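Residues 3 to 193 (our numbering) make up the sequence shown, in order.
By construction, the Cβ of each residue, glycine as well, lies at the ideal position given by its N, Cα and C atoms.
Only a predicted model underlies this, so the values are computations on that prediction, with no experimental measurement involved.
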Amino acid sequence: VYAGSHGHDIAGPKGLRHRTGESALPALAAVRDALRARLASIPGATVEDNQFSMSVHWRNTPAEYRAAVEHATREEVQWHTGLKYTQGKCVYEIRPDLPGAAMWNKGEAVRFLLDFLQQEDEGGFDEQVVPIYIGDDTTDEDAFAVIGELGGLSFLVASADETERPRETLGTHTLADCDEVEALLRALVSM
C-alpha cells in the first residue's frame, strides 16, 4: 500500500485508490510555480511538489532569510482558494482545504488504511495485529493519536537533543535517528 501527500493519495492492492482534494491540483501547481520563482534567490529554500501537497523546506536557509520564506509561503496560499498552510519541523506544508479534504490528515489516512485492510481480511484482523507508525514531524501527531486509540505503537524520531528532552508528543516511543528506525524495522521483520 502506498500513502503519500499526507494521505491525500492512497493506492494499493485490489484496485484501492483514494484521492482527496483533486480539485485543488491547479491551485497547488500555481503556488508551486510562484514559490519556486519567489524563493529562487533565497539560499537553502526549496519547494517540494508532492502532487496533492507541497513542502517548502527552510532547514538549510540562513536565519536572516527565514521570515521572507514564511511571508512568501503565507502570501501565496492566501492568494489561492482551497489551500491551507501549516508549519512542520523546518518546513511549511501546503495542502488542500476543501470539503472532504479539510479534515483529512495522516491520522485519517491511517484509519482509512486500517479499515480497508480489515475489510480485505475476510476473517477480520487477528487480535494480535498491532499497528505501528513512525514519524518525525508535527504533522505525524494526528497519526500518533489514531494509533494510540487503536492500542498500537507510535515512534517519534527525534534528534539527539530532542531525545533527551523530547517535544510534547502523542508518540508512545522515541527513536533517536534513522539508524534506530532501521534497527527497529529489522527487529520487526525478524519476528
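Q) Going by Cα to Cα distance, which pick from V131, T171, Q120, S161 is closest to A145? A) Closest option to A145, judged by alpha-carbon separation, among V131, T171, Q120, S161: T171.
Q: Evaluate contact between the region 17-32 and the region 78-85, counting only Cβ atoms and requiring at least three cross-stretch pairs below 8 Å.
A: Segments in contact, yes.
Q: Specify the secondary structure class of T1 as computed by DSSP and reduced to three states.
A: Lying before the first or after the last residue shown, residue 1 is absent from the chain, which here runs from 3 to 193.
Q. How about the region 86-93 and the region 58-74: do they share at least three Cβ pairs that are nearer than 8 Å?
A. In this structure the region 86-93 touches the region 58-74; the number of beta carbon pairs closer than 8 Å is three or more.
Q: Could you tell me which of V159, G17, R113, N62 sits nearest to G46, measuring between CA atoms?
A: Of the listed residues, the one whose Cα sits closest to G46 is N62.
Q. Leaving out the 5 sequence neighbours to the left and right, which residues in its chain are closer than 7 Å to T165 when beta-carbon positions are compared?
A. Bear in mind that a pLDDT of 49 at T165, under 50, signals an unreliable position, so the number given afterwards is only what the model happens to contain. Cβ within range, chain order: T176, A178.
Q. So the alpha helix (DSSP H) H73 belongs to, where does it begin and stop?
A. In the DSSP annotation of this structure, the continuous segment of the alpha helix (DSSP H) that includes H73 starts and ends at 65-81.
Q: Specify, as a first and last residue, the run of the alpha helix (DSSP H) that A189 falls within.
A: Note, A189: alpha helix (DSSP H), 180-191.
Q.
Using C-beta distances below 6 Å, list every residue in its chain close to T174, excluding the 5 sequence neighbours before and after it, in chain order.
A. The residues are L155, S156.
Q. DSSP state of S57, grouped into three classes?
A. Of the three classes helix, strand and coil, the one that applies to S57 here is strand, per DSSP.
Q | Beta-carbon contacts of A111 that lie in its chain and below 6 Å, excluding the five residues immediately before and after | A | A5, G9, listed in sequence order.
Q.
In this structure, how does DSSP classify P133 when only helix, strand and coil are distinguished?
A. P133: coil per DSSP, three-state reduction.
Q: Could you tell me which of S55, V93, F114, D99 sits nearest to A13, measuring between CA atoms?
A: Per the Cα distances, F114.
Q: Could you spell out where the beta strand (DSSP E) holding V3 opens and where it closes?
A: DSSP places V3 outside any beta strand (DSSP E), giving it a letter other than H or E.
Q: Enumerate in chain order the residues of its own chain whose CB-to-CB distance from V148 is below 6 Å, with the five nearest sequence positions on each side excluded.
A: If you ignore the 5 residues before and after V148, its C-beta comes within less than 6 Å of the C-beta of G109, V112, R113, all in its own chain and listed in chain order.
Q) Are the beta-carbon atoms belonging to W60 and V93 less than 9 Å from one another? A) Taking 9 Å as the cut-off, the Cβ atoms of W60 and V93 count as close.
Q: Compute the distance between the beta-carbons of G23 and P133, then report whether it is under 9 Å.
A: No; because the gap between Cβ atoms is not below 9 Å, this pair is not in contact.
Q: Using beta-carbon positions only, say whether F54 and R21 come within less than 9 Å of one another.
A: Yes, they are a contact pair.
Q: Identify whether A13 lies in helix, strand or coil by the three-state DSSP scheme.
A: Looking at A13 - three-state DSSP - the assignment turns out to be strand.
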